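> What follows is a single structure, and I will ask about it in a moment.
Residue numbers (the numbering used here): 76 to 425.
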């Protein structure tokens, strides 16, 4: 029940014949709670006891159904629970683990936030297969859209969502608040494992939990300081283990400038004539003592030699600039390697 008090100006509309109350700059709006929970002695500091008693008497005689409403317990921020979407109640804060299914941006629904106009972003989310709900991103939550879009179909943990009733569609919606947060869950996270198990029960072919994830849940509960599960060697498929080259930082020159380029494992293997790291200790032929590791050493020596033939590199650049367009960070990544400059020079870029 809400009561507006203090400096209320009364106007009489001569045309319609009604008495109209109009608020002023010093008016107050107080939420006193439901009828059954109001304690006059507790409200004496903010509203006159006589005024409050008159209001309660008026409500009791004119709107008796309000008198019969059960008292409602106020929600505490530190005791918010994770909920199942099918058990939502309006006007409460909740946490939820959800899968993002789809996105809708309403161009006609534009609102202002901190002086900027933003479009209404609506997510379709689910906790059970084909049972969809709406999550509306407001304020700071609207900035989540790019990262959520990149990981469509992933499982997310959302906190401090407000459950609101949509009277037009007659359903309940989740809305972000200024305190809301979101986190994309890893597949071996216990919350993601529990979420996927629901789909597995209803449709076994839809999602299968890996043996590693199940083992982590049941046996390998040891985590590091960041609450990330430590590696369980008994879960690894030792019969199919593979050794990879470690990523390196390669320096290249064109006669005038030198640039440091990051090279990932797969491209290192390509540069080394596709000799796998698993083969380095093997001999090339049974009757020979020459190993693939020796061949790799010769290849690296020839690449680093001063008289080495030039080659063409396909590079991706990443620049991070400040507000004045001054470069704060410059990174280069090798995308491809062409040792034959004559054949590939026209199709590759430096």
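Built from N, CA and C at the ideal position, the CB exists for glycine as well.
Please read all numbers here as calculations on a predicted model, not as lab measurements.
For residue 61, which of helix, strand or coil comes out of DSSP?
Since the first residue of the chain shown is 76 and the last is 425, residue 61 is not available in this structure.
> With distance defined between alpha-carbon atoms, name the residue in 110, 339, 104 nearest to residue 121.
Answer by Cα proximity: 104.
> Expressed to the nearest angstrom, what Euclidean distance is found between the alpha-carbon atoms of residue 354 and residue 324?
Those two C-alpha atoms are separated by around 23 Å.
> Assess, as a yes-or-no matter, whether the stretch 158-165 is touched by the stretch 140-149 under the definition of 3 or more beta carbon pairs within less than 8 Å.
Result no; under three Cβ-Cβ pairs closer than 8 Å.
> Within 10 angstroms of its Cβ, does residue 95 collect 16 or more other Cβ (buried), or is it exposed?
Exposed, because fewer than 16 other Cβ atoms sit within 10 Å of the Cβ of residue 95.
> How many Å lie between residue 128 and residue 140 at the Cα?
Taking the straight line from one Cα to the other gives about 18 Å.
> Mapping DSSP to helix, strand and coil, what is residue 335?
Strand, per DSSP.
> Given a threshold of 16 other Cβ atoms within 10 Å of its Cβ, counted over all protein chains shown, does residue 222 qualify as buried or as exposed?
Answer is exposed; the Cβ neighbour count stays below 16.
> Applying the criterion that 16 or more other CB atoms from any shown protein chain within 10 Å of the CB defines a buried residue, is residue 409 buried or exposed?
That one is buried.
> Among the candidates 123, 229, 413, 267, whose CA atom is the shortest distance from the CA of residue 387?
The option with the nearest alpha carbon to residue 387 is 413.
> What first and last residue would you give for the beta strand (DSSP E) that runs through residue 208?
Counting along the chain, the beta strand (DSSP E) containing residue 208 begins and ends at 206-212.
> Can you list, in chain order, the residues of its chain whose CB lies under 6 Å from that of residue 331, leaving out five sequence neighbours each side?
Within the same chain, residue 331 has no close Cβ partners at all.
> Given this structure, state the Cα-to-Cα distance separating residue 391 from residue 258, to the nearest angstrom.
One C-alpha to the other measures close to 29 Å.
> Less than 6 Å between the CB of residue 207 and some heavy atom of the ligand GTP, yes or no?
Only the bare structure without any ligand can be found here, which leaves the ligand GTP out of the picture.
> Could you have a look at residue 203 and say whether DSSP puts it in helix, strand or coil?
Residue 203: strand per DSSP, three-state reduction.
> Hey, would you say residue 220 sits closer than 7 Å to residue 196, going by beta carbons?
Taking 7 Å as the Cβ cut-off, residue 220 and residue 196 qualify as a contacting pair.
> Report yes or no: do the stretch 231-245 and the stretch 161-173 share at least 3 C-beta pairs separated by less than 8 Å?
Yes: the two stretches touch, three or more of their Cβ pairs being nearer than 8 Å.
> Considering only the alpha carbon of each residue, which of 100, 97, 149 lies closest to residue 59?
Because residue 59 is not part of the residues shown, which for the chain are 76 to 425, the question remains open.
> Roughly how many angstroms separate the alpha carbons of residue 336 and residue 327, rounded to a whole number?
Whole-angstrom Cα-Cα distance: 8 Å.
> Note down the Cα distance separating residue 217 from residue 187, rounded to an integer number of angstroms.
Roughly 12 Å separates the two Cα atoms.
> Three-state secondary structure (DSSP) at residue 414?
DSSP places residue 414 in coil when its eight states are reduced to three.
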